[in-house]
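**Q**
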Amino acid sequence: MDFIKKRSTGKHELDVVIVGCGPAGLSAGLAAMHHKLKFRLIEQEDSLGGSVYHYPRQKIAMTAPMELALVGKVRFGEVQKEALLEFWQGVVSQTGLRISFHERMEAIEPQGDGFLVKTNRGSYKTRSVLLSIGRRGTPRKLGVPGEERTKVVYRLIDPAQYAGQSVLVVGGGDSALEAAIALAEQPSTEVVLSYRSDAFSRVKAKNRQRVEGLQAEGRLRVLLSSQVRSIHEKTVDIEERGQVVHLRNDAVIVCAGGELPTPLLQKMGVQFETKHGTA
Ligand SMILES: Cc1cc2nc3c(=O)[nH]c(=O)nc-3n(C[C@H](O)[C@H](O)[C@H](O)COP(=O)(O)OP(=O)(O)OC[C@H]3O[C@@H](n4cnc5c(N)ncnc54)[C@H](O)[C@@H]3O)c2cc1C
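Per the numbering used here, residue 16 is the first one in the sequence shown, and the count goes up by one each step.
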């Protein structure tokens with residue numbers, strides 16, 4: 016925010032438009048208030064929190080200590096999603112931070128020495144724009160026959176709703192592992208975790224250990240180097256090391272990451288650099 020403050024000329028309607036109110040946008044909004052900037056913080060959804068708002072019910076978030084403008088040091092360690100959202104809502108009421116909900120950024124055009132930000136609600140002339148839109152994007156699909164079935168979803172909301180069912184979780188990141196763990200902890204839920212690579216390499220150690228523990232207890236079946244081939248009403252076909260296995264299935268939860276609105280961002284002049292193996 017120091018950089019944005021330095022750029023401000025005072026001649027624009029706004030110093031900065033902050034797009035998105037997940038943890039990053041919220042923190043930026045507080046910093047903008049602290050620096051007494053003219054700003055608008057917009058969020059397309061009906062709540063703050065971004066990805067955290069969409070975590071499964073009662074999920075434990077692992078957090079590092081942070082410094083929030085106007086609030087000071089925040090040190091939670093492991094905290095339940097609901098408590099974190101409540102804390103942020105408290106911060107908003109205490110500080111009077113204004114968030115414009117249901118407002119979606121649709122375009123950003125360079126204009127003079129600033130930008131014109133277009134949303135579904137109006138247009139704003141601003142010196143700077145801060146994109147805090149996260150990396151969730153649109154959930155990545157599997158592109159297999161049967162994916163259009165209503166039993167296929169792209170995030171886990173409430174593990175309890177799957178009690179007693181046969182559930183397939185697809186993916187190998189923390190969100191996939193956490194979904195599989197939460198489901199395997201439900202009474203009599205049969206959980207299979209399918210991942211296309213041969214190891215969970217970029218996940219939190221704690222999640223990996225919990226998955227291994229549940230596997231050892233026989234409460235979770237892990238299929239590495241596997242790919243979903245088709246989804247049927249009561250079964251799924253998964254190819255594992257060249258062999259297709261047919262599994263009983265009531266629900267599929269795909270946690271395969273998201274696709275960013277790259278074309279929209281490129282149109283605005285944002286440049287992308289792909290770094291294979293380093294991201
Ligand atoms: C299942 C899961 C578990 C996780 N667990 C942990 C954990 O335990 N610990 C941890 O540190 N991290 C965890 N993460 C990652 C963490 O949630 C993210 O790193 C964090 O939320 C990123 O914050 P952000 O503000 O950058 O983006 P986001 O939280 O994604 O927020 C972006 C916001 O921008 C809004 N937005 C997007 N486009 C527009 C637009 N055009 N106009 C207006 N608004 C827009 C979105 O609606 C959203 O509210 C987890 C993620 C997932 C998915």
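Built from N, CA and C at the ideal position, the CB exists for glycine as well.
Under 7 Å, do ARG72 and ASP173 count as touching if we go by C-beta distance?
**A** For ARG72 and ASP173, yes; Cβs fall inside 7 Å.
**Q** What I want to know is whether the C-beta of ILE253 ends up closer than 6 Å to one or more non-hydrogen atoms of ligand 1.
**A** Because no heavy atom of ligand 1 lies under 6 Å away, the Cβ of ILE253 does not count as near it: no.
**Q** If you reduce the DSSP assignment to three classes, tell me which class GLY129 lands in.
**A** GLY129 falls in the strand class under three-state DSSP.
**Q** What does DSSP give as the partner residues of SER209 in its beta bridges?
**A** DSSP lists VAL185 and LEU238 as partners of SER209.
**Q** Buried or exposed: ARG55, going by 16 or more other Cβ atoms within 10 Å of its Cβ?
**A** Per the 10 Å Cβ criterion, buried.
**Q** Consider the C-beta atom of ARG217 and the heavy atoms of ligand 1; say whether any pair is separated by less than 6 Å.
**A** For ligand 1, not one heavy atom lies less than 6 Å from the Cβ of ARG217.
**Q** Nearest to GLY137 by CA position, among ALA79, SER115 and LEU99, is which residue?
**A** Answer by Cα proximity: SER115.
**Q** Whose C-alpha, out of LYS249, ASN264, GLY25 and VAL243, is nearest the C-alpha of GLY129?
**A** Of the candidates LYS249, ASN264, GLY25 and VAL243, the one whose C-alpha sits nearest the C-alpha of GLY129 is GLY25.
**Q** CB of SER62 to nearest heavy atom of ligand 1: below 6 Å?
**A** No, since every heavy atom of ligand 1 falls outside the 6 Å radius drawn around the Cβ of SER62.
**Q** At 4 residues or longer, and completely inside the region 102 to 159: list those alpha helix (DSSP H) runs for me, N to C.
**A** None, since the region 102 to 159 contains no complete alpha helix (DSSP H) of that length.
**Q** DSSP three-state label for ARG22, please.
**A** ARG22: helix per DSSP, three-state reduction.
**Q** Could you compute how far the alpha carbon of LEU235 sits from the alpha carbon of LYS221?
**A** Cα to Cα, the separation comes out at about 16 Å.
**Q** Taking a contact to mean a Cβ-Cβ separation below 7 Å, would you say SER245 touches ILE253 in this structure?
**A** For SER245 and ILE253, no; Cβs fall outside 7 Å.
**Q** Is GLU58 near ligand 1, judged by its Cβ being under 6 Å from some heavy atom?
**A** Answer for GLU58: yes, Cβ within range of ligand 1.
**Q** Looking at chain C, is there any beta carbon in it that lies within less than 7 Å of the beta carbon of LYS219?
**A** Of the protein chains in the structure, only one exists, and it is not chain C.
**Q** Can you tell me the Cα-Cα spacing of PHE18 and ASN135, whole angstroms?
**A** Near 28 Å, if we compare the C-alpha coordinates of ASN135 and PHE18.
**Q** Counting along the chain, where does the beta strand (DSSP E) carrying THR250 start and finish?
**A** 250 to 255 is the extent of the beta strand (DSSP E) around THR250.
**Q** Cα-Cα, which of ALA47, GLN95, GLN180 and LYS51 is closest to TYR68?
**A** Checked all of ALA47, GLN95, GLN180 and LYS51; the closest Cα to TYR68 is GLN95.
**Q** Determine the direct distance from the alpha carbon of SER23 to that of GLY186, and round the result to whole angstroms.
**A** In a straight line, the C-alpha of GLY186 is about 43 Å away from that of SER23.
**Q** Could you give the distance in angstroms between the alpha-carbon of LEU52 and the alpha-carbon of LEU279?
**A** The alpha-carbon atoms of LEU52 and LEU279 are separated by roughly 27 Å.
**Q** Mind checking which residues open and close the beta strand (DSSP E) that includes LYS88?
**A** Its beta strand (DSSP E) spans residues 87 to 89.
**Q** Please list the terminal residues of the continuous beta strand (DSSP E) segment that includes GLN281.
**A** Looking at the DSSP string, GLN281 is not in any beta strand (DSSP E); the run it does join, the alpha helix (DSSP H), is 277 to 282.
**Q** Out of LYS21, VAL106 and ALA84, which has the shortest C-alpha to C-alpha gap to LEU63?
**A** For LEU63, the nearest C-alpha among the options comes from VAL106.
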